Amino acid sequence: MPMALWGIVSINQSSPTRRASTMGIFNRRRLLLGGVALGGAFTIGREERHRQEIRELQALAKAQAANTDRTSMLNAAFEADAEKIYRGEEIINSVRLTPPILPYDRQISQLLIRCSKIATQQYLTGKTIPSYDGNIRQLPAYSSDLDEYKQIASFRGREAHISESVAVQIPLDNTGDPLDKTWDQAEDSLGETIRQVVKVTQEIPVYLGFILSSPRRNLIVFRGTQTTMEWVNNLRAQQIPFTERRSGQYFGKIHQGFIENYLRIVSPIPREIAQQLDPAVPCYVTGHSLGASLAVLAALDLAVNLPNLRSQIQLYSYACPRVGDVTFAQLHSRQVPNSYRIVNLADVIPLLPPTTGLGTYVHVGQSWSFLSQGGDILPNHVVDTYQGAVDREVETDQSRDYPIAAV
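Residue numbers (my numbering): 2 to 408.
(1) Taking Cβ to Cβ, would you say Phe-243 is nearer than 7 Å to Phe-252?
(2) Restricting to Cα atoms, I'd like to know which of Ile-221, Arg-217, Ala-275, Ile-255 is closest to Leu-209.
(3) Please determine if the region 110-118 and the region 283-292 are in contact, where contact requires at least 3 C-beta pairs separated by less than 8 Å.
(4) Less than 7 Å between C-beta atoms, sequence neighbours within five positions excluded: which residues of the same chain meet that for Val-337?
(5) Starting from Val-391 and walking both ways along the alpha helix (DSSP H), at which residues does that stretch end?
(6) Do Val-297 and Val-324 come within 7 Å of each other at the CB atom, strictly closer than that value?
(7) State the Cα-Cα distance for the pair Asn-219 and Val-395, rounded to the nearest angstrom.
(8) Just to check my reading of the structure: Tyr-403 and Asn-345 have Cβ atoms closer than 8 Å, yes? What is that Cβ distance to the nearest angstrom?
(9) Cα separation between Ile-26 and Ser-73?
(10) Any contact between the region 95-109 and the region 366-384? By contact I mean 3 or more CB pairs, one from each, below 8 Å.
(11) Under 7 Å between the Cβ atoms of Asn-309 and Pro-280?
(12) Is it buried or exposed, Gln-139, if we count other Cβ atoms within 10 angstroms and call 16 or more buried?
(13) May I have the straight-line CA-CA distance separating Arg-29 from Arg-52, to the nearest angstrom?
(14) Under 8 Å Cβ to Cβ from Tyr-124, same chain only, skipping five residues before and after it: list those, please.
(15) Between which two residues does the beta strand (DSSP E) containing Thr-357 stretch?
(16) For Ser-318, which option in Asn-306, Ser-340, Thr-328, Gln-331 has the closest C-alpha, if you only look at C-alpha atoms?
(17) May I ask which residues mark the beginning and end of the alpha helix (DSSP H) holding Pro-308?
(18) Just checking my contact of Ser-155 with Phe-211 at CB under 8 Å: how many whole Å lie between their CB atoms?
(19) May I ask which residues mark the beginning and end of the beta strand (DSSP E) holding Arg-115?
(20) Residues in its own chain within less than 8 Å of Asp-1 by CB, not counting five upstream and five downstream?
(21) Between the C-alpha atoms of Leu-353 and Gln-250, what's the straight-line distance to the nearest angstrom?
(22) Which residues in the same chain have their Cβ closer than 7 Å to the Cβ of Ile-255, if we skip the five residues on either side of it in sequence?
(23) Pull up the DSSP beta-bridge partners for His-256, would you.
(24) Starting from Ser-340, trace the beta strand (DSSP E) both ways and give me its first and last residue.
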């Protein structure tokens with residue numbers, strides 16, 4: 002019998018007054034409790050019906066209390082989100098970075114973003130042609146205005162690489178157990194080889210950038226993100242406290258993936274080659290995307306460990322994600338005041354990691370921005386987009402009045 006009919010049968014056994022009252026209770030229960038089963042009520046005596054009603058009312062009270070709890074939890078979640086937004090803005094506004102001593106140089110910026118593209122081509126060429134020696138003069142983005150520079154080094158690092166699946170023999174563990182001995186005998190008699198398919202992980206050397214030197218200036222260039230493993234490291238937003246080993250200087254808390262990438266530069270270590278540079282001429286450190294995070298770390302490393310070079314260091318980063326916490330940013334600002342951060346406002350990468358939630362992250366450097374919306378994540382982020390904007394000189398350090406819907 003359908004549930005509604007059961008309710009009517011039970012109601013019809015009572016007086017008209019009782020029937021109307023019970024019908025009202027039934028309708029309210031059905032609405033509030035979503036149709037709690039009343040089947041079989043006609044077989045229950047008056048006392049049992051009374052107990053049933055009490056249980057149902059208790060269930061209703063419990064549901065209402067649970068709903069109140071959920072509402073409170075939802076309100077608390079909204080308040081927490083608002084607090085996160087407010088806290089993030091508060092952190093950003095509280096950071097007082099040392100302003101650059103020198104003005105932003107557009108011609109230098111145009112040169113450096115092109116060098117960032119050359120560094121990407123250097124990496125891809127090295128991956129494709131094993132005999133390639135890292136010479137940037139062979140690359141498509143190279144032009145004659147770089148002829149005055151001597152390429153004194155190329156950075157090589159380690160890149161994780163997974164080979165083809167291979168079968169390896171697994172030796173039996175002969176512990177003296179009778180079952181093991183039985184298995185050994187069976188294996189010997191059948192001539193079987195136990196094998197397990199595994200993926201062997203190895204590290205292969207790759208190009209991470211280069212150093213150019215001329216009588217007028219020195220350029221230290223790091224390439225951008227290219228591999229899946231690097232993107233994985235980019236997304237590993239856990240912060241770790243970092244103390245630079247040579248100087249003993251505490252850098253603050255840094256994105257684990259970025260510092261690990263920097264420490265994987267093995268030949269030559271940026272500091273070792275930079276100490277050979279002429280400290281009387283400007284030293285520009287640059288990179289795009291992952292290369293920008295490496296450039297941020299390298300600039301601080303050089304400033305802390307090479308005091309005679311410190312005043313010459315200028316950092317130009319493109320599409321740089323946030324690297325460290327407030328302590329890191331303030332130390333970086335003191336050590337590398339001539340720092341400029343060029344960012345596409347439609348590029349999501351410079352918004353990562355978020356200011357709060359995964360630690361505390363803030364940017365370094367004076368912001369120079371432009372807006373280029375290519376309709377997707379990669380077109381907004383790639384080095385060509387940044388090069389096009391810088392070549393057209395559309396980046397600015399002034400705030401812009403864009404339409405804002407929520408005001």
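The beta carbon of each residue, even a glycine, is placed where N, CA and C say it ideally should be. Values in this document were obtained by computation on a predicted structure and should not be read as measured data.
Checking against the coordinates, here is how it stands:
(1) In the sequence shown, counting from the first residue as 1, residue 243 sits at position 242. In the sequence shown, counting from the first residue as 1, residue 252 sits at position 251. Yes, they are a contact pair.
(2) The residue labelled residue 209 in the question sits at position 208 within the sequence shown. Of Ile-221, Arg-217, Ala-275, Ile-255, the residue nearest in Cα terms is Ile-221.
(3) yes
(4) Working through the sequence shown from its first residue, we reach residue 337 at position 336. Ala-300, Leu-301, Ala-304, Ile-314, Leu-316, listed in sequence order.
(5) Locating residue 391 in the sequence shown gives position 390, counting from the first residue. 384-392 is the extent of the alpha helix (DSSP H) around Val-391.
(6) For the purposes of this step, residue 324 is identified with residue 323 of the sequence shown, where counting begins at 1. For the purposes of this step, residue 297 is identified with residue 296 of the sequence shown, where counting begins at 1. Result yes, Cβ atoms of Val-324 and Val-297 sit closer than 7 Å.
(7) What you label residue 219 is simply residue 218 of the sequence shown in a count that begins at 1. What you label residue 395 is simply residue 394 of the sequence shown in a count that begins at 1. Taking the straight line joining both Cα atoms gives about 26 Å.
(8) Looking up residue 403 in the sequence shown gives position 402. Looking up residue 345 in the sequence shown gives position 344. Rounded, the Cβ-Cβ distance is 14 Å, inconsistent with contact.
(9) In the sequence shown, the residue the question calls residue 26 occupies position 25. In the sequence shown, the residue the question calls residue 73 occupies position 72. Unreliable placement is indicated for Ile-26, whose pLDDT of 45 sits below 50; no coordinate value is reported for it.
(10) yes
(11) The sequence position of residue 309 within the sequence shown is 308, counting from 1. The sequence position of residue 280 within the sequence shown is 279, counting from 1. Yes, the pair counts as a contact, with Cβ atoms nearer than the cut-off.
(12) Indexing the sequence shown from 1 puts residue 139 at position 138. The residue is exposed, with fewer than 16 neighbouring Cβ atoms inside 10 Å.
(13) Here residue 29 refers to the residue found at position 28 when the sequence shown is read from its first residue. Here residue 52 refers to the residue found at position 51 when the sequence shown is read from its first residue. Confidence at Arg-29 is low in this model, with a pLDDT of 45, below 50, so its placement is unreliable and no value can be given for it.
(14) Here residue 124 refers to the residue found at position 123 of the sequence shown. So the qualifying residues of the chain are Val-207, Tyr-208, Leu-209, Arg-224, Gln-227.
(15) Locating residue 357 in the sequence shown gives position 356, counting from the first residue. Premise fails: Thr-357 is in no beta strand (DSSP E) and is neither H nor E.
(16) Start at 1 with the first residue of the sequence shown, and residue 318 comes out as number 317. Of the candidates Asn-306, Ser-340, Thr-328, Gln-331, the one whose C-alpha sits nearest the C-alpha of Ser-318 is Ser-340.
(17) Residue 308 sits at position 307 when you count from the first residue of the sequence shown. First-last of the alpha helix (DSSP H) with Pro-308: 308-311.
(18) In the sequence shown, counting from the first residue as 1, residue 155 sits at position 154. In the sequence shown, counting from the first residue as 1, residue 211 sits at position 210. Indeed they touch by this definition, with Cβ atoms about 5 Å apart.
(19) Counting from one through the sequence shown, the residue named residue 115 turns up at place 114. Where Arg-115 is concerned, there is no enclosing beta strand (DSSP E), although the alpha helix (DSSP H) it sits in stretches over 107-129.
(20) Because the chain spans 2 through 408 in this model, residue 1 falls outside it and cannot be assessed.
(21) Locating residue 353 in the sequence shown gives position 352, counting from the first residue. Locating residue 250 in the sequence shown gives position 249, counting from the first residue. C-alpha separation (whole angstroms): 26 Å.
(22) By one-based count along the sequence shown, residue 255 stands at place 254. Counting only Cβ-Cβ distances below 7 Å, and skipping sequence neighbours, we find Gln-240, Ile-241, Phe-243, Val-324, Gly-325, Phe-329.
(23) Mapped onto the sequence shown, residue 256 falls at position 255. DSSP lists Gln-240 as partners of His-256.
(24) Indexing the sequence shown from 1 puts residue 340 at position 339. From DSSP, the beta strand (DSSP E) with Ser-340 extends over 340-345.
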